[in-house]
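For the sequence shown, the working numbering begins at 494 and goes up steadily by one.
A virtual CB, placed ideally from N, CA and C, is assigned to each residue, including glycine.
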Amino acid sequence: MAATPGEPKWARLHADVNHGLRRGAWYRVIRLTEDDVVLEVNRAPLRVPRHLLEFATSLPRRWSVVSRLRDAVKPPPEWGDRYAACPVCRHRAPIKGRPLTMRCHRCDGVFRIAWEDMTVSRRYDATL
Numbered sequence: 494m495a496a497t498p499g500e501p502k503w504a505r506l507h508a509d510v511n512h513g514l515r516r517g518a519w520y521r522v523i524r525l526t527e528d529d530v531v532l533e534v535n536r537a538p539l540r541v542p543r544h545l546l547e548f549a550t551s552l553p554r555r556w557s558v559v560s561r562l563r564d565a566v567k568p569p570p571e572w573g574d575r576y577a578a579c580p581v582c583r584h585r586a587p588i589k590g591r592p593l594t595m596r597c598h599r600c601d602g603v604f605r606i607a608w609e610d611m612t613v614s615r616r617y618d619a620t621l
């Protein structure tokens with residue numbers, strides 16, 4: 494079934510797993526089923542188990558704070574134990590200190606940092 498008004502239109506990984514998604518990045522929901530969600534990832538559909546995702550009805554406009562995991566790919570070690578994911582272009586960036594906002598060097602947007610929402614590193618089942 495396709496997403497309808499009031500249903501989630503955006504989703505992000507909410508579990509500490511590798512599943513072809515960048516941790517902290519939001520992806521457009523193409524279709525919802527009882528067990529799975531089809532997301533648009535790099536202009537192609539990707540089926541992801543529903544329980545691995547967190548949902549939103551509109552695209553959040555704040556940086557996601559992501560805890561580095563053992564199997565993290567590509568974030569430089571000097572970034573330390575966390576980094577941020579841009580809400581617009583999904584660019585990853587180091588976080589120095591504890592700023593309230595940060596500018597994305599890729600899309601040039603300035604967004605609040607969601608310190609209160611460090612859920613990407615927490616493990617639990619996300620349900621609607």
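Can the beta-carbon of R540 be found closer than 8 Å to that of V531? yes
Identify, in the order they occur along the chain, each residue of the same chain with its Cβ nearer than 7 Å to the Cβ of G513, setting aside the five sequence neighbours on each side. V534 and L539
Is it buried or exposed for E500, if we count other Cβ within 10 angstroms and need 16 for buried? exposed
Would a C-beta distance cut-off of 8 Å place R554 and P580 closer than the cut-off? yes
In the DSSP assignment, find the beta strand (DSSP E) that holds L525 and state where it starts and stops. Y520 to L525
Where do the N-terminal and C-terminal ends of the beta strand (DSSP E) with D529 fall, by residue? D529 to V534
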